[in-house]
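**Student:**
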Ligand SMILES: [Ca+2]
Ligand SMILES: [Ca+2]
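Residue numbers (this note's numbering): 27 to 417.
#1: Measure from the alpha carbon of residue 114 to the alpha carbon of each residue in 106, 105, 134, then state which is nearest.
#2: Could you pull out every residue in the same chain whose Cβ sits closer than 8 Å to the Cβ of residue 178, ignoring the five residues on either side in sequence?
#3: By alpha-carbon positions, which one of 203, 352, 384, 387 ends up nearest to residue 371?
#4: Is any heavy atom of ligand 1 found at a distance shorter than 6 Å from the C-beta of residue 215?
#5: Which of helix, strand or coil does DSSP assign to residue 191?
#6: Shortest alpha-carbon distance to residue 382 belongs to which of 407, 354, 363, 373?
#7: Measure the Cβ-Cβ separation of residue 406 and residue 263 and say whether it is below 7 Å.
#8: State the Cα-Cα distance for the pair residue 413 and residue 253, rounded to the nearest angstrom.
#9: With a floor of 3 residues, list each beta strand (DSSP E) that falls wholly inside the region 324–408, ordered by position along the chain.
#10: Taking C-beta to C-beta, are residue 180 and residue 189 nearer than 7 Å?
#11: Taking 6 Å as the limit between beta carbons, can you name the residues of its chain near residue 209, skipping five residues before and five after?
#12: Using the C-alpha atoms, what's the distance from residue 250 back to residue 296?
#13: Looking at residue 123: is its Cβ nearer than 7 Å to the Cβ of residue 153?
#14: So, with DSSP's three-state summary, where would you put residue 128?
#15: Using a Cβ-Cβ cut-off of 6 Å (strictly less than) and excluding sequence neighbours within five positions of residue 63, which residues of its own chain qualify?
#16: Thinking C-beta only, is residue 378 closer than 7 Å to residue 362?
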């Protein structure tokens, strides 16, 4: 009984010292002595065998877990997922890290991939998305606010990577050329439009344009240039194979690909014409023609086959022969010329040059004709079109 009382006193002392320990109760006491043989009433309250063992272990092998090691002072990095150093947002900006994406915080344009740092409130500046009017070359632009996937083509002299970056469609030596250049050998689809896919179309077997004209309908193939142009040189290979009575097809540059019900486009063109039956002499010829913005047209040819001559100011041609035809417009003048393909120039009968009226800006290469009731049918081929033009 005396020992029992001593245990109770000892426990009270422990609690009084503020340590939450339940000495004696969890080591088998009060019914037997402690494992070290010490009587309970002389045992120091705060030194248990287990504590002593733990202290010895601490001395022998200090705890070295990572949580206890103070982090070394690493320099700010652009990959540490923290905004530090000169960064204006997490891991970007400040001149030491890559420029920030749209919407990230910035202090100046140099902090932004777009180059544009703008205020969204009185206290906050963020990187803005690239635009075609921000005065900075950004996004996919090849020069300031032009070129690339989203902006208009660049004018002559500006930087480019491909023809599509240029107003003219011509990127020469990484700079846009002032010249509009286009060429097509019809081996690939360059985006021509046709009003009649079986009457005038790219023949994918032979890689040329097969055309046939019918008096009852407009048949036109057209290609839209990237920008308006005025002066031009248009070259193409041409052959006709058949015609019934009078028939014609026009090749040229026009302000619109629609000749309406008229034969002519508004623009400048070469007319390939076959005077037909019922006449004493037949003229198969090319001449120059234009129709101005008032609808008035001007032609180089003079005289008709049925007047007893084959006419003047034309280039005589024959069926089944390939010709290389060249139509040039310069200022107020236009002229057509032709050579047998790979051979000699064909001497025109007189001058094919004409003075032009008020021609609106040009936009299209056109092949074809409107519907004209008294011109029946003809057919042939066109290949290797090339245009050089000035905006
Ligand atoms: Ca960082
Ligand atoms: Ca821009």
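Glycine included, every Cβ here is placed at the ideal spot set by N, Cα and C.
**Tutor:** Result, derived from the coordinates:
#1: Taking the Cα of residue 114 as reference, the smallest distance to any Cα among 106, 105, 134 is reached at 134.
#2: If we look at residue 178 and ignore the five residues flanking it on each side, its Cβ neighbours are 158, 172, 193.
#3: The shortest Cα separation from residue 371 among 203, 352, 384, 387 belongs to 352.
#4: Outside the cutoff, so no.
#5: For residue 191, the secondary structure class from DSSP, reduced to helix, strand or coil, is helix.
#6: Nearest of 407, 354, 363, 373 to residue 382, Cα basis: 354.
#7: No, Cβ-Cβ distance for residue 406 and residue 263 is not below 7 Å.
#8: Going by the C-alpha atoms only, they are around 13 Å apart.
#9: For the region 324–408, the full-length beta strand (DSSP E) segments reaching 3 residues or more read 349–356, 359–366, 388–395 along the chain.
#10: No, the Cβ-Cβ distance between residue 180 and residue 189 is not below 7 Å.
#11: In its chain, beyond the 5 residues on either side, 412 have a beta carbon closer than 6 Å to the beta carbon of residue 209.
#12: If I take the Cα positions, the gap works out to 18 Å.
#13: At a Cβ-Cβ threshold of 7 Å, residue 123 and residue 153 do not count as neighbours.
#14: Residue state for residue 128 is assigned as coil, using DSSP reduced to three classes.
#15: Unreliable positioning characterises residue 63 in this predicted model, as indicated by a pLDDT of 40, which lies under 50. A coordinate reading is not provided.
#16: Closer than 7 Å, so yes.
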